[in-house]
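Here is the structure we will look at, set down as structure tokens.
Protein chains: 2
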Amino acid sequence: MKTKEKILAKALELFNQHGSEKVSTRHVADALGISVGNLYYHYKDKQALIEQLYEQLVTTLNGEFDTFEAADTGLTSLMHSVRFTFDTLHKYRFLMLDFVQIMRGSSGIKAHYQQLVQLRKEQFRFAVKLLIGQKMLSESIQEVPFDYLQMQFTIMGDFWISEAEILYQGAAADKIKYFTEAMLYWFYPYLTTAGKKVFHEVLPTLFEK
Amino acid sequence: MKTKEKILAKALELFNQHGSEKVSTRHVADALGISVGNLYYHYKDKQALIEQLYEQLVTTLNGEFDTFEAADTGLTSLMHSVRFTFDTLHKYRFLMLDFVQIMRGSSGIKAHYQQLVQLRKEQFRFAVKLLIGQKMLSESIQEVPFDYLQMQFTIMGDFWISEAEILYQGAAADKIKYFTEAMLYWFYPYLTTAGKKVFHEVLPTLFEK
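Chains as they are written, first to last, in full-length UniProt numbering: chain Y, 1 to 209; chain B, 1 to 209.
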């Protein structure tokens, strides 16, 4: 790993451990045994580290969601995508735990996130339509205003880590499984009989090694 | 209003406006034109103010949820309760916006909140059972593990204000209406035909003056 990457990986580790508020660029440099000057050569300040990690997270998730627009997608791959997303969000959990504070502190991240939600909304709309066409989702899902469906989904995706921080006691792997399943069950009442069958087949396989 | 109450009301106002992190006891005292010593006579520190406001919020909401166990309750009063709850949470919104940070900073509030979630879980279980008995909710809701239903509901209740802070542009009254409706529609797929009829009758009346 190059120095630049090492700095980013260490910053992520320390931010996740202590919260981004409590970690300074000096802490990061010290933990790597490099000078603060060396760190500043690569990242001009802590905000630059946070923004770079935010971008990494978004790029990783975009890679996943873009495959979603492929023709051979369906309920099974949607479920795997949610699992991958929750796993990835957990790797960058300081961003989620300090969500409001980080958005307040960076108008760049905030503006980017607002755009991202619009993109996700279109991807979500596409997925719902596709799953209705495949008779996995019931048409009755269209009785709920689409903006509200999307907002329910967004709030759960963005804040399950914060809720887990307060309420969940247990190992990280169990926590991710618990909240991924809680999220996937949000789809459940909208599934057709065929959809429920697929759901029950796929769910136990999601966390197999 | 007595000085003690005035201090609390002003603290709430300033916390909501600027976030509790950025407001000191001196700011509160200055805004009221009293000495910091006078403030300390009533509240030993900022933490005491935050804890008192948390208690006020919980007491207000408990008053609402306790009526829920009365015999004449049903879907209509549940919907009104959600509306009242969202309105109340918004009045104390700094607690919700800095939820994780406040819980981390106070083991007392955190422990209390964990207990409260257990209580709400039993109230929620009671409400679901009652609404099934009244043929407003479909028995199919029991196909979803109860813990997951409760967790979905809890995340949305606790974090809609944080999501709104980033994503919603518009007046406070419109925001509260939007997110209350988004929350209520979470019940929608579980409603029976009779339940949907009540839902559509009650929803437009919730925000009438």
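From the three backbone atoms N, C-alpha and C, an ideal C-beta is built for every residue, glycine too.
Contact of P189 of chain Y with chain B is assigned, a C-beta pair being separated by under 8 Å. Residue nearest to V202 of chain Y within the set Y:T192, Y:L184, Y:P189 and Y:Y92 is Y:L184 (criterion: CA-CA distance). Ranked by Cα distance from I176 of chain B, the options B:Q115, B:A11, B:T88 and B:S140 are led by B:T88. Rounded to the nearest angstrom, the gap between the Cα atoms of L8 of chain Y and S107 of chain B is 32 Å. The Cβ atoms of F159 of chain Y and S77 of chain B do not sit closer than 8 Å to each other. Annotation note: the region 31-100 of chain B contains the following uninterrupted alpha helix (DSSP H) runs of length 4 or greater, listed N- to C-terminal: 36-42, 46-67, 75-91 and 93-97. Here L131 of chain B carries a helix assignment [DSSP, helix/strand/coil]. For D174 of chain B, there are no neighbours in chain Y by C-beta distance under 7 Å, as the nearest C-beta there is about 13 Å away. The alpha-carbon of L206 of chain Y is positioned some 7 Å away from that of R83 of chain Y. Around the beta carbon of Y188 of chain B, a 10 Å sphere encloses 16 or more other beta carbons of the protein chains shown; the residue is thus reported as buried. Between the alpha carbons of A29 of chain Y and V128 of chain Y lies a distance of about 46 Å.
Here the alpha carbon of H90 of chain Y sits roughly 33 Å from the alpha carbon of F65 of chain B.
If the five residues before and after K46 of chain Y are omitted, its C-beta is found closer than 6 Å to the C-beta atoms of T25, all from its own chain and listed in chain order. The Cβ of S140 of chain Y sits closer than 8 Å to at least one Cβ of chain B.
Of all residues in the region 132-158 of chain B, only S140, I141, E143, V144, P145, D147, Y148, L149, M151, Q152, T154, I155, M156 and D158 come within less than 8 Å of chain Y when Cβ atoms are compared, listed by chain position. For V202 of chain B, the uninterrupted alpha helix (DSSP H) segment begins and ends at T193 to V202. Interface criterion not met: the Cβ of S24 of chain B is under 8 Å from no Cβ in chain Y. Rounded to whole angstroms, N38 of chain Y and F99 of chain Y show a C-alpha spacing of 29 Å. When DSSP states are grouped into helix, strand and coil, L14 of chain B belongs to the helix group. About 5 Å separates the Cβ atoms of I155 of chain Y and M156 of chain B, confirming a contact at the 8 Å cut-off.
For K197 of chain Y, the number of other beta carbons within 10 angstroms of its own is below 16, and it is reported as exposed.
For I50 of chain Y, the closest alpha carbon among the candidates Y:N62, Y:L14 and Y:Y168 is that of Y:L14. A111 of chain B and V23 of chain B have their C-alpha atoms spaced approximately 24 Å apart. Against chain Y, the beta carbon of Y113 of chain B has neighbours under 8 Å at I166, listed in chain order.
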